[in-house]
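To keep things clear, I will list the structure first and then write my remarks on it.
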Amino acid sequence: VGPVAVRAHLAPFLPGDPAGVPVDGRPAISAARYGSAGILPIPWAYLRMMGADGLARATGVAVLAANYVAARLRGHFPVLYAGNKGLVAHECILDLRPLTKATGVSVDDVAKRLIDYGFHAPTMSFPVAGTLMVEPTESEDLAELDRFCDAMIAIRAEVDKVGSGEWPAGDNPLANAPHTAVMVAGDEWPHPYPRSVGGYPAGVDRMGKYWPPVRRVDGGYGDRNLVCSCPAPEAYEG
Numbered sequence: 001v002g003p004v005a006v007r008a009h010l011a012p013f014l015p016g017d018p019a020g021v022p023v024d025g026r027p028a029i030s031a032a033r034y035g036s037a038g039i040l041p042i043p044w045a046y047l048r049m050m051g052a053d054g055l056a057r058a059t060g061v062a063v064l065a066a067n068y069v070a071a072r073l074r075g076h077f078p079v080l081y082a083g084n085k086g087l088v089a090h091e092c093i094l095d096l097r098p099l100t101k102a103t104g105v106s107v108d109d110v111a112k113r114l115i116d117y118g119f120h121a122p123t124m125s126f127p128v129a130g131t132l133m134v135e136p137t138e139s140e141d142l143a144e145l146d147r148f149c150d151a152m153i154a155i156r157a158e159v160d161k162v163g164s165g166e167w168p169a170g171d172n173p174l175a176n177a178p179h180t181a182v183m184v185a186g187d188e189w190p191h192p193y194p195r196s197v198g199g200y201p202a203g204v205d206r207m208g209k210y211w212p213p214v215r216r217v218d219g220g221y222g223d224r225n226l227v228c229s230c231p232a233p234e235a236y237e238g
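Just so we're aligned, residue 1 is where the sequence shown starts under the UniProt record's numbering, counting upward by one.
Shown next, in the form of structure tokens:
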């Protein structure tokens, strides 16, 4: 909901009225002209249920959580856009670019490795390329924040092993992440690190382990190339 700003050379490609009213530009393929009105009841209900005191409390907890994460991880990853007292707002941006330059381990590698630790990766490469933007919000308790911080610290130790040459740059737990159950349980294991390191990183609960259904996919290729997974047209004949 709200305006979308583009540079002047993209203006001719902005969508027009989805109702078919003649306007300059191309027709929209879906949704309403000024955004999806169906989104609005969600924040309205949230505001009504929380009230002024609840919103203030939630905001304070969200800011506290982000600063807790920043404080725990600052010694392992640079934190961008901190104030002169080292504080951040409701999110903290972890800069992985120095590590990438020194070791070749990319922000993609770290994001995929977090899956092995049981986390969906934070926002990647926004608003700064090569970074992770962590926004814990008011919803996560201290135990979950610590679990995430412990995972990031453990991943930093893994990156250091790549940097020192203990693990090859192209064959290590980060480059091969995420590890599926099929991969870990396979008959062959040609990698220079144990299966347990790939499938059960430090601190992961073996009983509650989340196994990703697939290994890494080429997101850039998928964004640029349409791949049809539907049946062949002949399947619909007759």
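Every residue gets a Cβ at the ideal spot worked out from N, C-alpha and C, and that includes glycine.
Check                                                                                       : Outcome
Neighbour-count burial assignment, Thr137, 16 or more Cβ in a 10 Å radius                   : exposed
Cβ contact (3+ pairs, closer than 8 Å) linking the stretch 173-186 and the stretch 127-144  : no
Residue 287 versus Asp205 - alpha carbon distance                                           : No answer is possible for residue 287: the residues shown for the chain start at 1 and end at 238.
N- and C-terminal bounds of the alpha helix (DSSP H) containing Cys149                      : 142-164
Residue 240 versus Leu99: straight-line alpha-carbon distance, rounded                      : As displayed, the chain neither begins before 1 nor continues past 238, which places residue 240 out of reach and without an answer.
Span of the alpha helix (DSSP H), counted from its first residue to its last, around Thr100 : 97-103
C-beta contact flag for Met152 and His76 at 8 Å                                             : yes
Buried or exposed by the 16-neighbour rule on C-beta atoms within 10 Å, applied to Ile42    : exposed
Residue range of the unbroken beta strand (DSSP E) whose run includes Thr137                : Where Thr137 is concerned, there is no enclosing beta strand (DSSP E), given that its DSSP letter is neither H nor E.
Contact between the stretch 111-126 and the stretch 56-71 (3+ Cβ pairs under 8 Å)           : no
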